C-alpha cells in the first residue's frame, strides 16, 4: 500500500528509508488522468515484491517545494530512490509490463539472492536458473574446490571459457591433475595470495608450452578477482608479462 509523503516527511520516509530498501516515489496530482491510470500498475508492482520496495506518493499541488527540488516538469513522474539518492526514473503512464521491469531493476533477482547466500546448494540452484552467469559458475566452482570436488568444479566453469576467473579455475584443476603447482594452490586456499602468485610465477620458468598457458590462465584468474588498481596486482601483471 502506498504511503503519502509531504515536504515535512519526505526526507525521513523516502531519503532515509531508501538506505535500507528502494523507495519508488510517484509524483502525481488529483486532476491528472494519466496519473490515475498509472497508480494501479505501481501498486500491483509494489505488492508483488513482498515488502522489498516501498511505494510513496507526492501530491505536487500540495508539495510544490518537492516538485521544484526534484525538477518535476510533467506528471506522472516516478523516481526510485536508493541509498539516499535518485537511482532511476521515468515520466508518463507506462504500461504495466514496463512498470514491472522498472521495479525488477530495483530489487535483487532470485539468482542474486542465491548468489549472496553463497552455500553450494544455493549456488547450484542459481546456476540452474541462470546458466549463462559466469559469476555464479565461479562461485559454485569455488565451493566445490573447498570440498575437493575438482572435477565438479571444472564442470561448473567449462561453459564459461573467456571469463578470466572461470578460465583460472579450469586451469587450476588441470594443473592439479598433472601434479603441477599444488603447493601454490594450497597457499591460495589458506588465503596466502602473494605466496601463491609467487609460486605460480616460479613454475613458469620450467613449464612446457601447454602448462605455461595453464599457469598464465591461473595467474590471470587470481588477479582478476582483486582490485585492478592495486599496485601489487600491477606488479604481478608486469612480472607475468616479463616471464612470458
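Numbering (the numbering used here), first residue to last: 1 to 244. Where is the CB? At the ideal position from N, CA and C, for every residue including glycine. All values reported here derive from a predicted model rather than from experimental measurement.
Can you tell me whether residue 3 is helix, strand or coil according to DSSP? In the chain shown, the residue the question calls residue 3 occupies position 3. If DSSP states are grouped into helix, strand and coil, residue 3 belongs with the strands.
Can you check DSSP and say which residues form a bridge with residue 90? Walking along the chain shown from the start, residue 90 turns up at place 90. 78.
What does a CB cutoff of less than 6 Å around residue 156 pick up in its chain, not counting 5 residues either side in sequence? Position 156 of the chain shown, counted from the first residue, corresponds to residue 156. If we look at residue 156 and ignore the five residues flanking it on each side, its Cβ neighbours are 137, 140, 141.
Please work out which residues of its chain come closer than 6 Å, Cβ to Cβ, to residue 187, disregarding the five sequence neighbours upstream and downstream, and give them in chain order. Looking up residue 187 in the chain shown gives position 187. Excluding residues within five positions, the ones whose Cβ falls inside 6 Å are 195, 196.
Sequence-distant residues of the same chain with beta carbon closer than 7 Å to residue 15, five excluded per side: For the purposes of this step, residue 15 is taken as residue 15 along the chain shown, with counting starting at 1. Once the five neighbours on either side are set aside, the close Cβ partners of residue 15 are 81, 84.
Please say whether residue 56 and residue 13 have beta carbons closer to each other than 8 Å? The sequence position of residue 13 within the chain shown is 13, counting from 1. The sequence position of residue 56 within the chain shown is 56, counting from 1. Against a cut-off of 8 Å, the Cβ pair of residue 56 and residue 13 comes out as a contact.
Following the continuous alpha helix (DSSP H) through residue 149, name the residue where it begins and the one where it ends. The residue labelled residue 149 in the question sits at position 149 within the chain shown. Unbroken run through residue 149: none, as it is neither H nor E.
I'd like the ranges of any alpha helix (DSSP H) spanning at least 4 consecutive residues and lying wholly in the region 11-88. 33-48, 64-69
Suppose the cutoff is 6 Å on Cβ atoms and the five residues either side in sequence are ignored; what does the same chain contact list for residue 86 look like? Counted from its first residue, the chain shown places residue 86 at position 86. The answer, listed in chain order, is 79.
Any contact between the region 143-157 and the region 112-126? By contact I mean 3 or more CB pairs, one from each, below 8 Å. yes
State the Cα-Cα distance for the pair residue 98 and residue 3, rounded to the nearest angstrom. The residue you call residue 98 lines up with position 98 of the chain shown. The residue you call residue 3 lines up with position 3 of the chain shown. If I take the Cα positions, the gap works out to 22 Å.
Residue 232 versus residue 198: straight-line alpha-carbon distance, rounded: Residue 232 sits at position 232 when you count from the first residue of the chain shown. Residue 198 sits at position 198 when you count from the first residue of the chain shown. Near 12 Å, if we compare the C-alpha coordinates of residue 198 and residue 232.
In the structure shown, what three-state DSSP assignment does residue 159 receive? Within the chain shown, the letter at position 159 stands for residue 159. Note: residue 159 maps to helix in three-state DSSP.
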